[in-house]
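Numbering (my numbering), first residue to last: 566 to 975. The beta-carbon is built from N, C-alpha and C at its ideal position, and this holds for glycine as well.
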Ligand SMILES: Cc1cc2nc3c(=O)[nH]c(=O)nc-3n(C[C@H](O)[C@H](O)[C@H](O)COP(=O)(O)OP(=O)(O)OC[C@H]3O[C@@H](n4cnc5c(N)ncnc54)[C@H](O)[C@@H]3O)c2cc1C
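Below, the structure is given as structure tokens:
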């Protein structure tokens, strides 16, 4: 195998391109947008968060989700209109509840490995991404959440992660800007980080291009076909149709990976779980001073935040099961703004840039990394709420897997 195509220039596609290039492959990336990182890897919560490894597969998620269906501004919105895709995904999500603990430990292990690789890439390519290495604070507003957090911290410890419980006084010392009125305590993971996923992905794509990866931007793949030996990529540039054979193709197409997989005979059950963010522009000295640098995770509101340099503050959250649309709804953005006003009354929310993205979520919440049924078909996709956190590791996994397959053939 020599010539490899990658579908998608999001965080998973670009990290995969980087790893395969390092291993000596001739890599071509296909992306329908004009630039890298224009879909889900554009304006996410910014957290590189091993501490947020807990998978959502639990009965308490189901019960809370049902209650939230009656509340318009709830962190989770579920459109009850049935579709086969949604129902089969939900069924599989529920059947993964017995894996809650094991999958949390597995995800935390992957996140820890990912940090090491991420730091190696950062150093090698000298990438600027508003990285903050100040840890992540997890805020809890009730006893039950603290008790659950203690249990999860034990699982994270098994994975090798230290997440310490902190009192309100300790939280105040770690991040003095938060209005802690509604909280009773929380957890702190010193080793976690935050940064701008778009800046990182774009810079790494540029580095790959300089080193010889070929980029076909503005190029939509209409079909991945197969002649029983090789994959054939059918693509379109400005209404003109082309096709090219490759020795291998890695599907990193985010929420569109399912469609490619089903045509290739593979079941990659990814549902688009929509989320929103706002990026506050900190245009005045008071806002700059009073916005937190430590990255936050509010357990009840299911909102995360990250400081992106001196003059930007990102707030993200909510999960919406509502198909593939990327409409930005005011009633989903408002809770993010209200959260800021409540926790950080001294920062201005006058200039808030709204965004919506679709998390490519598998029902087990474990990414699909490996081969398809046909020769030369590979996947690195389905990273859900943790694509930024896990991608450096899964790119390494898939490229090692391709090298192993290659050696077997030789
Ligand atoms: C609100 C929100 C907050 C989040 N916060 C965090 C966080 O704090 N930490 C964290 O780790 N993760 C977070 N995530 C998750 C993370 O952002 C995603 O897991 C990750 O960005 C997914 O990357 P990807 O490469 O799989 O998909 P994408 O970034 O969507 O990339 C897929 C690419 O494939 C391209 N493509 C698809 N079909 C075709 C085609 N036919 N032809 C050509 N190109 C095609 C698309 O254009 C796209 O560029 C968050 C997500 C959301 C929505």
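Any non-hydrogen atom of ligand 1 closer than 8 Å to residue i Cβ
i, result
"residue 612", "yes"
"residue 596", "yes"
"residue 633", "no"
"residue 924", "yes"
"residue 869", "yes"
"residue 934", "no"
"residue 960", "no"
"residue 953", "yes"
"residue 778", "no"
"residue 639", "no"
"residue 768", "no"
"residue 858", "no"
"residue 948", "yes"
"residue 807", "no"
"residue 582", "no"
"residue 944", "no"
"residue 593", "no"
"residue 815", "no"
"residue 912", "no"
"residue 937", "no"
"residue 606", "yes"
"residue 787", "yes"
Residue environment, residue i, which counts as buried when at least 16 other CB atoms sit within 10 Å
i, result
"residue 703", "buried"
"residue 720", "buried"
"residue 903", "exposed"
"residue 895", "exposed"
"residue 697", "buried"
"residue 640", "buried"
"residue 634", "exposed"
"residue 850", "exposed"
"residue 645", "exposed"
"residue 967", "buried"
"residue 693", "exposed"
"residue 681", "exposed"
"residue 944", "buried"
"residue 727", "exposed"
Closest Cα partner of residue i within the set the options
i, options, result
"residue 859", "642, 631, 675 and 699", "699"
"residue 657", "958, 941 and 930", "930"
"residue 735", "726, 749 and 725", "749"
"residue 797", "786, 805 and 625", "786"
"residue 877", "866, 853, 613 and 865", "853"
"residue 740", "773, 712 and 701", "701"
"residue 915", "843, 622 and 889", "843"
"residue 892", "944, 604, 679 and 569", "604"
"residue 776", "593, 618 and 723", "593"
"residue 926", "905, 889, 648 and 783", "889"
"residue 769", "711, 951, 586 and 971", "586"
"residue 602", "819, 808 and 759", "819"
"residue 718", "638, 617 and 675", "617"
"residue 875", "675, 695, 911 and 805", "695"
"residue 625", "865, 913, 675 and 839", "865"
"residue 946", "824, 738 and 612", "824"
Proximity below 9 Å, CB of residue i to CB of residue j
i, j, result
"residue 571", "residue 766", "no"
"residue 556", "residue 730", "Outside the shown range of the chain, which is 566 to 975, sits residue 556, and nothing can be said about it."
"residue 954", "residue 615", "yes"
"residue 588", "residue 964", "yes"
"residue 607", "residue 763", "yes"
"residue 574", "residue 600", "yes"
"residue 627", "residue 814", "no"
"residue 631", "residue 928", "no"
"residue 841", "residue 921", "yes"
"residue 845", "residue 917", "yes"
"residue 642", "residue 897", "yes"
"residue 794", "residue 816", "no"
"residue 723", "residue 672", "no"
"residue 1001", "residue 783", "The question about residue 1001 has no answer, for the chain in this structure spans 566 to 975."
"residue 622", "residue 668", "yes"
Alpha helix (DSSP H) segment containing residue i, residue limits
i, result
"residue 846", "Where residue 846 is concerned, there is no enclosing alpha helix (DSSP H), although the beta strand (DSSP E) it sits in stretches over 836-846."
"residue 683", "665-690"
"residue 950", "Taken as a continuous stretch (DSSP letters only), residue 950 belongs to no alpha helix (DSSP H), as it is neither H nor E."
"residue 583", "576-587"
"residue 903", "895-908"
"residue 608", "Taken as a continuous stretch (DSSP letters only), residue 608 belongs to no alpha helix (DSSP H), as it is neither H nor E."
"residue 855", "850-855"
"residue 780", "That residue, residue 780, is in no alpha helix (DSSP H); its beta strand (DSSP E) goes 779-781."
For residue i, the first and last residue of its enclosing beta strand (DSSP E)
i, result
"residue 863", "860-863"
"residue 791", "785-791"
"residue 729", "729-731"
"residue 765", "Taken as a continuous stretch (DSSP letters only), residue 765 belongs to no beta strand (DSSP E), being part of the alpha helix (DSSP H) at 762-776."
"residue 934", "933-936"
"residue 801", "796-802"
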